[in-house]
Amino acid sequence: MTDLHALADLLDEEITLYERLAEMTEAERSAVFERTGDDLAGIVARKDAILTRITVAEGRRDRWIADWRVVHGGVTNPTTLGDVIALATGAIATTLQARRDALLLALEAVANANERNRHLMTSALGIVDRRLDALRRAMSPTYAAGGAPARRASAAVLDMRA
């Protein structure tokens, strides 16, 4: 189970899944902008399914690397994909490095999409907070036109006496 070509296949699967996750994350953002709630719910469900598949794929890769570690001397340090690639030779080393680079690009695309969505959500929540604050002020018994606190009745009576 430590065939390097099998590792390349596992990486291909992860790359495909992360690319799909990046697409779903962008679709999620578009659905928010277009206010298509039904589409958004479907996108979130598909995104969750992809995340589950990514977890499974990462687990298979981790098991492959653990098996490789045992076969190659039981290295006690945590072995990384880079460690495996460093010991590979020939065309498979080039293939694995290209897959690793592609995986990192796919992960970067997901991270960038998540960051854009974070900014969108932060802005949207800021708008909601400001509107709720304005509504609280408008419903306050001390509200006066223009948002300034109204003078209390007892203070108004005292002002008339002066």
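Under the numbering used here, think of the first position of the sequence shown as 1190, with each following residue one higher. All C-beta atoms in this analysis are idealised placements derived from N, C-alpha and C, irrespective of residue type, glycine included.
### Task
Have a look at I1274 and A1287 and give me their C-alpha separation to the nearest angstrom.
Computed Cα separation, rounded: 10 Å.
### Message
By the three-class DSSP mapping on this structure, what secondary structure does D1192 have?
### Response
In the three-state reduction of the DSSP assignment, D1192 falls in the coil class, being assigned neither a helical nor a strand state.
### Query
According to DSSP, is A1277 helix, strand or coil?
Secondary structure of A1277 (DSSP, three-state): coil.
### Query
According to the Cβ coordinates, are E1203 and A1246 closer than 9 Å?
Yes. Within cutoff.
### Task
Work out the CA separation of L1285 and G1279 for me, nearest whole Å.
For G1279 and L1285, the distance between alpha carbons rounds to 10 Å.
### Query
Hey, how far is the Cα of E1208 from the Cα of I1239?
The alpha-carbon atoms of E1208 and I1239 are separated by roughly 10 Å.
### Message
Less than 9 Å between the beta carbons of L1206 and I1243, yes or no?
### Response
In contact: L1206 and I1243 (Cβ atoms closer than 9 Å).
### Task
Confirm, please, whether the CB-CB distance from K1236 to E1223 is below 9 Å.
Going by C-beta atoms, E1223 is not nearer than 9 Å to K1236.
#### Entry: Straight-line gap, D1322 to L1314 (C-alpha atoms, nearest Å)
Their Cα atoms are separated by approximately 12 Å.
#### Entry: Assigned secondary structure, R1289 (DSSP; H/G/I helix, E/B strand, else coil)
Helix, per DSSP.
#### Entry: Burial state of I1232 (16 or more Cβ within 10 Å)
When all chains shown are included, I1232 counts as buried.
### Cβ-Cβ separation, L1193 to I1281 (assumed contact under 8 Å), whole Å
That pair is a contact at about 5 Å.
### Query
So what does DSSP say about T1268, is it helix, strand or coil?
Coil at T1268, not helix or strand.
### Message
Excluding the 5 residues flanking A1351 on each side, which residues of the same chain have their C-beta closer than 6 Å to its C-beta?
### Response
Any reading at A1351 needs caution, since the residue's pLDDT is 49, under 50, leaving its predicted position unreliable; the model's value is listed next. Excluding positions up to five away in sequence, the list is empty.
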